[in-house]
Amino acid sequence: MIEKQEVQEIFPTPLWIVDLKPAAAAALNIQLKAEIERLIAPRPVIPAGANWQTPQDLHTRPAFAEFVKLAEMAARGVTRFLQVDQYPMSITGCWANINPPGAYHPMHHHPNNYLSGVYYVSVPSPGSQIIFQDPRGQASMIMPKPRQYSKLTANAANAQSKEGRMVLFPSWLKHTVPSNDGNDERISIAFNFMFKNFTDAMAAPIWDPTAGKASS
Ligand SMILES: [Fe+2]
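Under the numbering used here, the first residue of the sequence shown carries the number 2, and numbering increases by one thereafter.
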């Protein structure tokens, strides 16, 4: 009767996880942390649960040149993987987040960009994670509790934060960062990439209006 049964995962949502070698990460993070500390000094008073953020132009500052190179290399890897590397991208914003104990980031996405990412400079124990929300809102309308959740039945997915780790994701993918449960600050650098020539090279209709028409 049945010859074959298979599962196809259609419309998967990719996350790219890039881990630096520990020694390289340690050296880079010392340098990044010192520069970030310098940028937010003197620290303004902030409400409980809030965080400090640097200006969003870190990608233009020489002190972050090595980091920018790293982010660009990772982004190129993503566009190669998706086979859209024929369209050059550039960073449109880059900023650091300093989350004291108890601080969190509410659910958000990064509009007007194609690819976003976060790099972890400092992650206090007991660790931290970024939680991505299933972008298919209607998929969570009926959710029978499975014996064990899987990526086919869960409506959220965690990526573990780790010093020296970069997590890249589509800019439309909503995410949140739970409160920092550690006793030290969590420091991350976020960035967005967008296609440089989106309107000139990509936004025009891509269908062939002459296809299927009889020639005269
Ligand atoms: Fe974000």
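Note that beta-carbon positions come from the ideal geometry of N, C-alpha and C, so glycine has one too.
- With a threshold of 16 other beta carbon atoms within 10 Å, T200 falls short and is exposed.
- For H109, the Cβ falls inside the 7 Å cut-off from some heavy atom of ligand 1.
- In the structure shown, D86 adopts coil according to DSSP, grouped into three states.
- Assignment of N193 by DSSP, reduced to helix, strand and coil, places it in the strand class.
- Per DSSP, N198 is not a residue of any beta strand (DSSP E), being assigned neither H nor E.
- Each of N193, A28, A104 was checked against the Cα of P112, and the nearest Cα belongs to N193.
- The three-state reading of DSSP puts N113 in coil, since its state is none of H, G, I, E or B.
- Comparing alpha carbon positions, the residue from R137, V119, D135, G138 closest to S129 is V119.
- Apart from sequence neighbours up to five positions away, the residues of its chain that approach L21 with a beta-carbon distance below 6 Å are G165, ordered along the chain.
- Within 7 Å of the C-beta of H176 there is at least one heavy atom belonging to ligand 1.
- With contacts defined as CB atoms closer than 8 Å, I143 and H176 fail to qualify as a contacting pair.
- A direct Cα-Cα distance of roughly 11 Å separates P45 from A51.
- Set against 7 Å, the gap from the CB of S117 to the closest heavy atom of ligand 1 is smaller.
- Under the DSSP definition of a beta bridge, Y120 partners with M167, I190.
- Between ligand 1 and the CB of A72, the shortest heavy atom gap is not smaller than 7 Å.
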